[in-house]
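First residue of the sequence shown: 1284, per this note's numbering; consecutive thereafter. Heads up, the beta-carbon is just placed ideally off N, CA and C, and yes, glycines get one too.
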Amino acid sequence: MDSLLSNAQRCVRKADSLVKYGLFDEALGQLDKAIALLNELKSVTSCYDSIQMLNVQIDSIDRKMRSVAIKRSESIK
């Protein structure tokens, strides 16, 4: 159970780093892994607070990716 949570957290941190370098496909892959791990964790236990915290981080990374993509498209124009 702890390893599922720590692996999900690791995926989220890695995705956050990948976004900083504009590697969106790789970041999305890491987020997919994190979500799969969280879904597995939900079926095993009710670590609701930890799961919610990771979901908030995933949403934040998604917003960062969108923001970076918008800035890049504006700079190309």
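query                                                                                                                                                                      : result
Drop a sphere of 10 angstroms on the beta-carbon of Q1313, count the other beta-carbons inside from all chains shown, and report buried for 16 or more, exposed for fewer. : buried
In whole angstroms, what separates the C-alpha of A1319 from that of V1339?                                                                                                : 15 Å
Could you compute how far the alpha carbon of G1367 sits from the alpha carbon of R1349?                                                                                   : Outside the displayed range of the chain (1284 to 1360) lies residue 1367, so it cannot be described from this structure.
In whole angstroms, what is the alpha-carbon distance linking D1332 and L1311?                                                                                             : 23 Å
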